[in-house]
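Q: A single structure is presented below for examination.
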Amino acid sequence: GELRPVGTNIERAITAALSAEAFARLSSAAGPLVKNMDLMAKISGLQPMANLGDSLANVKLSITKLTLGDAKFKLIPVEGGLQFSAELTGLSVSAIAAYGGTFVPDGSTSVSITADTIKIAGTLVVTPAGTDGFTTKITSPAVTSVKLKLTASGLVGDILDLLNSNLSSTVQSITTRSTELALQPLINEALGALAGPQKLEVLGKKLDFQVSPSAISFNRAGALVTLNVKATIEGSESSPGYVFTPNGTPTMKANSGIQLGLADDLINALLAEVHAIGLLDLHIEKDFGVINTADIKLSIPPMISASSGDGELRLVLGDAIATFSKQGKTLISAAINAQVDLEVLRGNNPEEIALQFGKVKLFVNVLDPTAEDPLSADDLAGAASAGINLQLDSLSKFLITVPVPSVAGVSLDNLSLRADSGYVMVSGDVH
16 GELRPVGTNI ERAITAALSA EAFARLSSAA GPLVKNMDLM AKISGLQPMA NLGDSLANVK
76 LSITKLTLGD AKFKLIPVEG GLQFSAELTG LSVSAIAAYG GTFVPDGSTS VSITADTIKI
136 AGTLVVTPAG TDGFTTKITS PAVTSVKLKL TASGLVGDIL DLLNSNLSST VQSITTRSTE
196 LALQPLINEA LGALAGPQKL EVLGKKLDFQ VSPSAISFNR AGALVTLNVK ATIEGSESSP
256 GYVFTPNGTP TMKANSGIQL GLADDLINAL LAEVHAIGLL DLHIEKDFGV INTADIKLSI
316 PPMISASSGD GELRLVLGDA IATFSKQGKT LISAAINAQV DLEVLRGNNP EEIALQFGKV
376 KLFVNVLDPT AEDPLSADDL AGAASAGINL QLDSLSKFLI TVPVPSVAGV SLDNLSLRAD
436 SGYVMVSGDV H
């Protein structure tokens with residue numbers, strides 16, 4: 016295959032399908048999360064939230080405090096987006112009204128807006144926004160209120176009339192924009208788009224992720240999203256690259272649960288970077304009987320192929336040269352190759368999934384064998400197995416950092432793993 020540089024953008028690196036049931040669970044979890052958010056931080060860049068009137072009499076409304084008693088949401092996938100409804104209770108808004116104009120002396124005063132209930136309905140449109148992830152916007156919002164009240168002591172005349180006559184539209188603007196911004200990180204997390212570059216530290220190495228959505232579509236069954244990914248491990252610039260393999264289009268269905276596809280190129284690029292930084296080169300000091308030291312150096316990067324004819328996935332560790340010594344004296348050298356079954360399990364919490372390594376099949380060939388080789392086949396296999404397991408432990412810590420959809424309120428059961436058109440496919444039922 017074609018050799019491509021590591022750290023470059025991998026198109027269609029991740030594809031995911033989320034069912035209507037997954038969005039229903041997200042809806043239930045969104046209310047408490049939004050209620051407890053710092054909503055002022057979300058709208059800080061939008062001040063003033065209202066700019067009313069004209070040159071004769073005008074007022075600018077800047078929000079200083081915004082709280083909710085409770086919040087309930089419904090997100091139902093439809094053609095073109097998410098059918099959206101929200102019920103916000105106990106709305107309390109504090110603001111500074113700065114007024115002026117030809118017929119109004121300049122000044123400012125504190126005002127407050129309260130409502131027992133605000134209801135919002137519309138379509139939540141989710142749009143790819145490059146490395147910023149997805150943006151969310153409620154189109155054609157219909158907003159109703161119960162016991163909406165303005166308190167503005169000290170205001171009279173034109174300015175008070177201006178605020179009262181625009182109260183409903185002002186509250187609509189404040190609540191819809193706040194809701195859009197509050198839901199945006201939840202949608203980004205659910206769709207696997209970690210907005211902006213992410214910097215992680217794994218085993219003392221800096222790992223930079225940059226995820227950019229390339230496409231998203233909705234229908235009544237759910238949502239289908241495709242993401243491009245750029246991943247760079249600090250110090251991996253010396254890598255000659257990874258072997259690119261053209262991928263097809265995996266079968267994705269959002270009818271139930273969640274499906275996730277990771278392009279084998281994404282995983283293989285990470286494996287090439289791990290190899291370049293020497294993470295898999297080991298020096299082991301352990302009493303194996305005949306030997307007490309093993310040095311293992313991987314000649315080529317490990318690879319995962321998601322094109323297996325039987326649909327199974329395996330990690331291949333090829334040409335690891337192992338040197339076995341006793342008290343500093345080299346006794347024997349061998350080439351180790353391994354095939355490792357891949358499994359999928361829950362991650363560190365019920366909302367996460369992680370690739371895990373399963374059964375290991377070892378192939379050990381002695382280099383320059385003699386009739387007096389000091390190690391038995393069992394000794395050699397035991398030492399080789401110990402080294403391979405240490406390598407897999409290091410690899411697993413990198414593989415579980417691949418960004419995947421994490422839907423608030425959703426845990427997955429009955430996880431399954433298969434290969435399809437060059438993708439590692441993970442499926443799970445919503446629990």
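Here the sequence shown is numbered in our numbering, starting from 16 and rising by one per residue.
Ideal placement from N, C-alpha and C gives every residue a C-beta, glycine not left out.
Keep in mind the model is a prediction, meaning the values are calculated, not measured.
(1) Can you tell me whether Ala157 is buried or exposed, with buried defined as 16 or more other CB within 10 angstroms of its CB?
(2) Terminal residues of the continuous alpha helix (DSSP H) containing Gln187?
(3) Give the single residue among Leu285, Ser400, Val359, Asn234 whose Cα lies nearest to the Cα of Lys220.
(4) Excluding the 5 residues preceding and the 5 following Lys75 in the sequence, name in chain order all residues of the same chain whose CB lies nearer than 6 Å to its CB.
(5) Starting from Lys221, follow the beta strand (DSSP E) in both directions and report where the run begins and ends.
(6) Whose CA, out of Pro317, Thr79, Glu102, lies closest to the CA of Leu90?
(7) Kindly list the residues whose CB is nearer than 8 Å to the CB of Leu18, restricted to its own chain and excluding five residues on each side of it in sequence; keep chain order.
(8) Taking DSSP as the reference, what is the three-state secondary structure of Asn283?
(9) Is it buried or exposed, Gly276, if we count other Cβ atoms within 10 angstroms and call 16 or more buried?
(10) Spell out the partners DSSP gives Arg40 in its beta bridges.
(11) Using beta-carbon positions only, say whether Gly68 and Gly116 come within less than 8 Å of one another.
(12) Could you check where the beta strand (DSSP E) with Leu165 kicks off and where it finishes?
(13) For Phe259, list the residues DSSP reports as bridge partners.
(14) Give the DSSP-derived three-state secondary structure of Ala309 in the structure shown.
(15) Is it buried or exposed, Ala56, if we count other Cβ atoms within 10 angstroms and call 16 or more buried?
(16) Pick out whichever of His290, Glu327, Gln342 has its Cα sitting closest to the Cα of Gly304.
(17) Provide the residue span of the alpha helix (DSSP H) that contains Leu54, from first to last.
(18) By a C-beta neighbour count over all protein chains shown, 10 Å radius and 16 as the cutoff for buried, is Ser123 buried or exposed?
(19) Kindly indicate which residue of Gly22, Thr30, Ser107, Ala72 has the alpha-carbon position closest to the one of Gly84.
(20) Would you be able to state if there are at least three C-beta pairs under 8 Å between the segment 392-404 and the segment 351-361?
(21) Take Asp127 as the anchor and find which of Ala144, Leu163, Ser180 has the nearest alpha-carbon.
(22) Alpha carbons only, please: which of Val244, Asp279, Val375, Val439 is nearest the one belonging to Thr23?
(23) Should Pro261 be labelled buried (16 or more other beta-carbon atoms within 10 Å of its own) or exposed?
(24) For Asn380, which residues does DSSP report across the bridge?
(25) Taking Cβ positions, are Thr191 and Ile231 nearer each other than 8 Å?
(26) Can you have a look at Thr241 and say buried or exposed, based on whether 16 or more other CB atoms are within 10 angstroms of its CB?
(27) Comparing alpha-carbon positions, which option in Ala396, Leu297, Leu239, Thr132 lies nearest Ile29?
(28) Considering only the alpha carbon of each residue, which of Val93, Ala337, Leu294, Pro265 lies closest to Asn234?
(29) From the DSSP output, which residues share a beta bridge with Gly237?
(30) Count the other CB atoms within 10 Å of the CB of His298; is the residue buried (16 or more) or exposed (fewer)?
(31) Pop quiz: Ser109 and Lys80 are said to be a contact at Cβ under 8 Å. What is the actual Cβ separation, rounded to whole angstroms?
(32) Rank Pro143, Ala72, Ser183, Ser227 by C-alpha distance to the C-alpha of Val171 and give the top, closest one.
(33) To the nearest angstrom, report how far apart Val49 and Lys134 are at their CA atoms.
(34) Beta-carbon within less than 6 Å of Thr104's beta-carbon, same chain only, minus the 5 sequence neighbours each way: which residues are those?
(35) Let me confirm a value: Val161 is counted as buried when at least 16 other C-beta atoms fall within 10 Å, else exposed. Which label applies?
(36) So if DSSP puts Lys75 in a beta bridge, which residue, or which two residues, is it bridged to?
A: So, from the listed chains and residues:
(1) exposed
(2) 182-205
(3) Leu285
(4) Pro63, Asn66, Ala113
(5) 220-234
(6) Glu102
(7) Pro255, Gly256, Tyr257, Val258, Phe259
(8) helix
(9) buried
(10) Partner(s): none; Arg40 has no beta bridge.
(11) yes
(12) 164-166
(13) Glu17
(14) strand
(15) exposed
(16) Gln342
(17) 54-58
(18) exposed
(19) Ser107
(20) yes
(21) In the sequence under discussion, the amino acid at residue 127 is Ser, which differs from the Asp named in the question. Nearest C-alpha to Ser127: Leu163.
(22) Val244
(23) exposed
(24) Ala350
(25) no
(26) buried
(27) Leu239
(28) Val93
(29) Ser34, Asn234
(30) exposed
(31) 4 Å
(32) Ala72
(33) 15 Å
(34) Gly84, Asp85, Thr132
(35) exposed
(36) Asn66, Ala113
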